[in-house]
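A.B. asks:
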Amino acid sequence: DQQVKQNSPSLSVQEGRISILNCDYTNSMFDYFLWYKKYPAEGPTFLISISSIKDKNEDGRFTVFLNKSAKHLSLHIVPSQPGDSAVYFCAASEGSGTYKYIFGTGTRLKVLA
Amino acid sequence: DSGVTQTPKHLITATGQRVTLRCSPRSGDLSVYWYQQSLDQGLQFLIQYYNGEERAKGNILERFSAQQFPDLHSELNLSSLELGDSALYFCASSSGTANYEQYFGPGTRLTVT
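Sequence lines, in order, name chains A and B. Per our numbering, the first sequence starts with residue 19, numbered consecutively. Per our numbering, the second sequence starts with residue 49, numbered consecutively.
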């Protein structure tokens, strides 16, 4: 049973436009979410996180939105750059007292120059 | 460079064999996590250690075991290997026990033939 789902395996976006990556979850106890970026032959790199007490968190070109009622989060990248081409994973945890993250299967983003 | 090191980078072995994967966390990080990424799958959490003690277990098979040593490096032991154990194994570290960003190593690619 996949508790964290990234239903789009891939996404192509033109350079300079917005990239929107989506993630859905089923466990209402999840209250901390992260996005990771992964380049080939490297480990995932932490990108941005959001706690369930917020509905938005911004860091430069990256913004994560959380809709708790819909159990949905999204990562917006504006403007998209060719260097953003990578696989993006969302992950969720149940917060303090739980020490593991559940990862989605990833979305491969390709930013076209 | 995340500061997390993993050795070896690649490992090819036969079914039925036993291997040991090694991880050194970032300086100062007390938590170590092990993940398995099979083809086209997300990262599956295996196990977490905090300052030498096991803190959380995920989908780790009984044939697999791990430990964290006093110098905080960790080893993941995989025995009676099967073809399905072929995967990327990632180690990650963080400073605390929960809700901290995890920093990933480059992974060890295990191929069981």
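No residue lacks a Cβ here, since even glycine has one placed at the ideal position from N, Cα and C.
#1: For the stretch 100-111 of chain B, which residues have a beta carbon sitting closer than 8 Å to at least one beta carbon of chain A?
#2: Under 8 Å between beta-carbons, which chain A residues line up against Glu123 (chain B)? List them in chain order, please.
#3: Can you round the beta-carbon distance between Thr86 (chain B) and Ala135 (chain B) to whole angstroms, since I take them to be within the 8 Å contact cut?
#4: Quick one: list the residues of chain A neighbouring Gly132 (chain B), beta-carbon separation under 9 Å, in chain order.
#5: Would you give the residue range spanned by the beta strand (DSSP E) that Thr55 (chain B) belongs to?
#6: Quick check: the Cα distance between Leu130 (chain A) and Ser26 (chain A), rounded to an integer number of angstroms?
#7: Measuring straight from C-alpha to C-alpha, what distance separates Lys89 (chain A) and Ile36 (chain A)?
#8: Could you please give me the residues that DSSP links to Ser113 (chain B) through a beta bridge?
#9: Give the single residue among A:Cys108, A:Lys118 and A:Glu112 whose Cα lies nearest to the Cα of Gly124 (chain A).
C.D. replies: Looking at the atomic coordinates:
#1: Arg103, Ala104 and Gly106
#2: Per Cβ cutoff of 8 Å: no residues; Glu123 (chain B) is ~17 Å from chain A at best.
#3: The residue you asked about is not Thr; residue 86 (chain B) is Ser in the sequence shown. Confirmed, Cβ separation roughly 4 Å.
#4: Within chain A, no residue comes near Gly132 (chain B); the closest Cβ sits about 17 Å away, beyond 9 Å.
#5: Thr53 to Thr55
#6: 18 Å
#7: 22 Å
#8: B:Asn125
#9: Sorting A:Cys108, A:Lys118 and A:Glu112 by C-alpha distance to the C-alpha of Gly124 (chain A) places A:Cys108 at the top.
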